[in-house]
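Those letters in the sequence shown? Residues -19 to -1, 1 to 672, by mature numbering (1 follows the signal peptide of the UniProt record, and there is no 0).
For glycine and all other residues, C-beta sits at the position ideal for the given N, C-alpha and C.
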Amino acid sequence: MRLAKILATIFLLSNFAFSQDKPLSAEISTNDQSQAIDDVEVIIEAEGGERPYKYVWNDENISIYNDKYSGWSEGDSVIVTVIDAKDDSVTVRAFVEPNSFSEHVNNTMKPAVNVLQTILFAEPWSDTVKVNDFVLKAPFAINAEKTNYTLKKWLKEDGEQVEHLEPVAILKDGDKEFPFYAMGNGTLVYGTHEGQKVKEGDKVYFKNKRGNRSEKVLGKIDYAAPQPFYFKNLSNKSQGIPLIVVWLVCGAIFFTIRMKFIQFRGVRHAIDLVRGRYDDPNEHAGEVTHFQALVTALSATVGLGNIAGVAIAISMGGPGATFWMILAGLIGMASKFVECTLGVKYRHQKEDGEVFGGPMYYLSRGLEKRGPGFKQLGKVLAILFAILCVGGSLGGGNMFQVNQAFNQLAEIPGWEGFSSYGLYFGIGMAILVGIVIVGGIKSIAKVTDKIVPTMVGIYVVSALVIIGFNYDNLGHGFSTIISGAFSPDAMYGGFIGVLILGFQRAAFSNEAGVGSAPIAHAAAKTDEPVSEGVVAILEPFIDTVVVCTMTALVIIFTGYAQDPEGLEGAALTSAAFSSSLGDWSLYVLSFAVVLFAFSTMISWSYYGLKAWTYVFGETKVSALIYKFIFLIFVVIGASVGLGAVIDFSDLMILGMAFPNILGLLIMSGEVKNDLKDYFSRIKSGAIKRFK
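Below is the structure:
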């Protein structure tokens, strides 16, 4: 053993020794590759001291092995500490200057984004994540699309004790060789692949047959006692619960208990309502049917979050996140019930038949009934909600959607040249959106009641086919979900970490408690507010329990949850679909993404319009101004990269939950009484069933 250590030391010195006469120094340079945002390359050039060097970046996602990284955003401050083999260090800094118009706009919006993120994602409780082992995957480098890393030599024996940052192996990529370090103090355990120990000469990071990057586990470090989890830049991982998630989930739990589990006892009645069995042949107030209101609200939530967001949750939290995602979707149904009931109760309809409703109205009118103090609070909450809703509709409900739809099409094999036609794509989408939204909610509902069932049906059927192809993995797949939910791998942050990821994904996907859906449901043809609230409980069920779960099961059953092959987000979902259905599924998925984006945009245009007219007046001129602005933003979203602008407005959607849930909590007793009265009249026959 002692001889092995001596040989390892000699090997390192012979390969990485550098002139010790020259002190360690480093220079940092930036290269802005275009006028687009988020494409700046930062390069570190170090010399002197004793090689090898470690590069500690001020970004937890950049590995200590990277001496350059492309993907920095204009306006970023970059700090890199270079550490040599003798632990001497030098720190270099750079500020990435914005140049183009879009880069300046992006940089200007960053402080606002940071403020919103600080508020929404503040962690009332946070602690350092400690794990029992650390999985070693080679390499940690992110910019490794062209690399083929090979294990050249083990420097430590299987089962040998190692210290934190002690070299355990030599990796090779072409002519380049570098040491691979242990993370934490513990016992080195060689990894296995297809039942065989990883041995010298094995490829450990390479492109597989599908062209994706694939990681092979090099090994792991078993700890005698739990130690902090390390990010790629050596910083420790902390795990907290974001304030917005606490607000949404606690609100949902409260409404579930207070409404006596309406999401379970009301499902059958909700289906009857959607099927029109309680529709009075006589005209009701409102503009659209129960079904049309449901699919309009669904079209705003079923979308990219179901495809990309679920993949992110699983890649970060493992299969167990699926269980908590489903549970969060189930309790979120109660939040939808309360907000959509109030949306109908406090709406008002003009003489021409146009309906105005949503949180703006029940916050102002509903709280006004509770006295002078509540009246002022209601006005403030209503205005705050309306402003956030308008901003969210232009960003998260518009620019983000068209931008992601365009990028999805540009990534189809053979369509690479499509990436230069963003302006034309934006104009085309703006025309299509304009044709629909000019007719108001009736026109929007006529489109969504055809698009939503079709796209959800295609997506779910495709997922079921893939699950059928992989039926052999059925038992294992579900067992990993259950075991991962209650005793997850420590690398995912443990039980609390997986629970948070699942709850967060569901809350962000189905928007229960955010306050967007009541705007659509307020237009339903009904004289019974509670009936529309009952219909609304189906939304989180379809969005999260059905569609999100289908995505998760496809990723898990096809093996991509265990080996994501370096893929993330929508790309991971695409790879999982194509692994079973072939390359043609990429076209189907891309088509679904475009349809999801289109339907989301037309629904959010209606949400933003009602919030806009609440602030600026319920007039035709006011409505036309908003629609024109919305269509301009469609073109901008497809043709110009404005990352921070989109991030800011996307965060505004989550911000809507604060004034909305506060109002719902205050008025929940009123809804509880209405619910009790409604079902007593159903039971007595006072509310008739017509079919």
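Rounded separation between residue i and residue j - CA only
i: Phe337; j: Phe558; result: 42 Å
i: Glu651; j: Pro353; result: 18 Å
i: Leu445; j: Ala556; result: 16 Å
i: Ala471; j: Thr303; result: The predicted position of Ala471 is uncertain, since its pLDDT is 46 and thus under 50; no value can be drawn from it.
i: Asp183; j: Phe115; result: 21 Å
i: Gly415; j: Lys608; result: 8 Å
i: Ile312; j: Gln244; result: 8 Å
i: Ala667; j: Phe639; result: 37 Å
i: Asn124; j: Glu8; result: In this prediction, Asn124 has a pLDDT of 44, which is less than 50 and means its spatial position is unreliable; nothing more can be read from the coordinates.
i: Leu344; j: Ile418; result: 26 Å
i: Val23; j: Ile45; result: 14 Å
i: Asn42; j: Phe212; result: 7 Å
i: Asn451; j: Thr173; result: 24 Å
i: Ser665; j: Ile368; result: 43 Å
i: Leu482; j: Gly298; result: 6 Å
i: Ala206; j: Asn113; result: 6 Å
i: Leu643; j: Thr270; result: 29 Å
i: Val283; j: Ala163; result: 43 Å
i: Ile234; j: Arg486; result: 16 Å
i: Ile364; j: Asn80; result: 36 Å
i: Gly192; j: Ala289; result: Low local confidence applies: a pLDDT of 49 at Gly192 is under 50, so the model's placement there is unreliable, and no value is given.
i: Tyr342; j: Gly395; result: 50 Å
i: Glu175; j: Lys118; result: 16 Å
i: Asn654; j: Lys241; result: 12 Å
i: Gly373; j: Gly458; result: 37 Å
i: Leu413; j: Arg328; result: 29 Å
i: Ser58; j: Asp48; result: 16 Å
Short Cβ contact (8 Å threshold) for residue i with residue j
i: Gly618; j: Asn384; result: yes
i: Ala573; j: Tyr440; result: yes
i: Tyr34; j: Val63; result: yes
i: Ala315; j: Met306; result: no
i: Ala498; j: Glu520; result: yes
i: Ser280; j: Ser584; result: yes
i: Asp524; j: Val276; result: no
i: Gly514; j: Val319; result: yes
i: Leu132; j: Leu152; result: yes
i: Tyr130; j: Asp156; result: no
i: Gly310; j: Val511; result: no
i: Thr11; j: Val77; result: yes
i: Met436; j: Leu570; result: no
i: Glu84; j: Glu55; result: yes
i: Cys529; j: Val230; result: no
i: Phe82; j: Met380; result: no
i: Val371; j: Ala592; result: yes
i: Pro300; j: Ala542; result: yes
i: Lys317; j: Ile518; result: yes
i: Leu199; j: Leu101; result: no
i: Leu146; j: Val71; result: no
For residue i: DSSP bridge partner residues
i: Tyr130; result: Tyr186
i: Leu152; result: Leu132 and Phe159
i: Glu138; result: Answer by DSSP bridge pairing: none, since Glu138 is not bridged.
i: Gln177; result: His174
i: Gly167; result: Val143
i: Ala7; result: Ala27
i: Glu22; result: Asn12 and Ser51
i: Val283; result: In DSSP, Val283 forms no bridge with anything.
i: Lys118; result: Val198
i: Trp305; result: Looking at the DSSP assignment, Trp305 forms no beta bridge with any residue, so it has no partner.
i: Trp38; result: Val61
i: Val419; result: In DSSP, Val419 forms no bridge with anything.
Candidates the options, of which the one nearest residue i by Cα
i: Gly421; options: Gly438, Ala363 and Ile500; result: Ile500
i: Gly232; options: Gly378, Ser58 and Met648; result: Met648
i: Asn95; options: Lys664, Met637 and Met633; result: Met633
i: Ala93; options: Phe629, Ile425 and Leu117; result: Phe629
i: Glu181; options: Leu136, Met164 and Asp156; result: Leu136
i: Ile202; options: Asn214, Val511, Asn87 and Glu138; result: Glu138
i: Ser580; options: Thr539, Val226, Tyr402 and Pro434; result: Pro434
Output the residue ranges of the alpha helix (DSSP H) runs that lie fully inside the stretch 621 to 671 and measure 4 residues or longer, sorted by chain position.
-> Within the stretch 621 to 671, complete alpha helix (DSSP H) segments of at least 4 residues are found at 624 to 636 and 638 to 665, given in chain order.
Uninterrupted alpha helix (DSSP H) stretches inside the stretch 499 to 555 (no shorter than 4 residues) | Entirely contained in the stretch 499 to 555, the alpha helix (DSSP H) runs reaching 4 residues are, in chain order, 510 to 517 and 530 to 538.
Can you give, in chain order, each stretch of the beta strand (DSSP E) that sits fully within the stretch 57 to 107 and has at least 3 residues?
-> For the stretch 57 to 107, the continuous beta strand (DSSP E) assignments of 3+ residues that do not extend past its boundaries occur at 58 to 64 and 70 to 76, in sequence order.
Taking only runs of the beta strand (DSSP E) that begin and end inside the stretch 188 to 261, which ones reach a length of at least 3 residues, in chain order?
-> Runs of the beta strand (DSSP E) spanning 3 or more residues and lying entirely within the stretch 188 to 261 occur at 194 to 196, 198 to 209 and 219 to 221, in chain order.
What residue ranges within the stretch 319 to 404 form continuous alpha helix (DSSP H) runs of no fewer than 4 residues, ordered along the chain?
-> Positions of the alpha helix (DSSP H) runs, each at least 4 residues long and wholly inside the stretch 319 to 404, are given as 353 to 375 and 381 to 391 in order along the chain.
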